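Residue numbers (the working numbering): 270 to 388. We put the beta carbon where it would ideally sit given N, CA and C, even for glycine. Being a predicted model, the structure only gives us computed values, none of them experimental.
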Amino acid sequence: MPYVDGFVVPVPKKNIDAYRAMSLRCGAIWREHGALQFRECIGDDVKPGKLTSFPQSVNLEDGEVVAFSWIVYTSRASRDAVNEKVMNDPRMTDMMKPENLPFDGKRMIYGGFEMIVDL
């Protein structure tokens, strides 16, 4: 069964174009190293909740929007191998420096998920 890395990040609305450009570059690198899918989405109908919500999860501030992203791999072992290659790819070095990110990386939420339904 496939394996998925999921991400939720706050993106300043003024940085959406820069975020898209970074995502296109990153996605190409992930796919080159073996990821099956690389998806980036910007929140369109994401309301604050009473107890939990996407905005609350990243401490969304005025002028920001939530981005929801995922990368699909053939397996957890494949994900680990792909991510190792990606993190060692020299094209990622400058792009992933905190000062070059078009979002606040300290408020990014991410994790790996074993897929249990794939229709």
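Check: Unbroken beta strand (DSSP E) runs of length 3 or more, entirely within the region 279–361: which are they?; Outcome: 306–311 and 333–342
Check: Which residue marks the beginning of the beta strand (DSSP E) containing isoleucine 378, and which one marks its end?; Outcome: 378–383
Check: Tell me whether valine 327 is buried or exposed, calling it buried when 16 or more other Cβ atoms sit within 10 Å of its Cβ.; Outcome: buried
Check: I believe proline 336 touches glutamate 309 by the beta-carbon criterion, under 8 Å. Please report the beta-carbon distance rounded to the nearest angstrom.; Outcome: Inspection of the sequence shows that residue 336 is occupied by alanine rather than by proline. Yes, alanine 336 and glutamate 309 are in contact; Cβ-Cβ is about 6 Å, under 8 Å.
Check: Are the Cβ atoms of valine 241 and glutamate 333 separated by less than 8 Å?; Outcome: Nothing in the structure corresponds to residue 241, since the chain is present only between 270 and 388.
Check: Ignore the nearest five residues each way along the sequence and tell me which others in isoleucine 311's own chain have a CB closer than 6 Å to its CB.; Outcome: Val334 and Ala336
Check: Counting only the same chain and skipping the five closest in sequence on each side, list residues whose C-beta sits under 6 Å from that of tyrosine 379.; Outcome: Phe276
Check: Going by the C-beta, is arginine 345 closer than 7 Å to any heavy atom of the ligand COA?; Outcome: Ligands displayed in this structure: none; no statement on the ligand COA is therefore possible.
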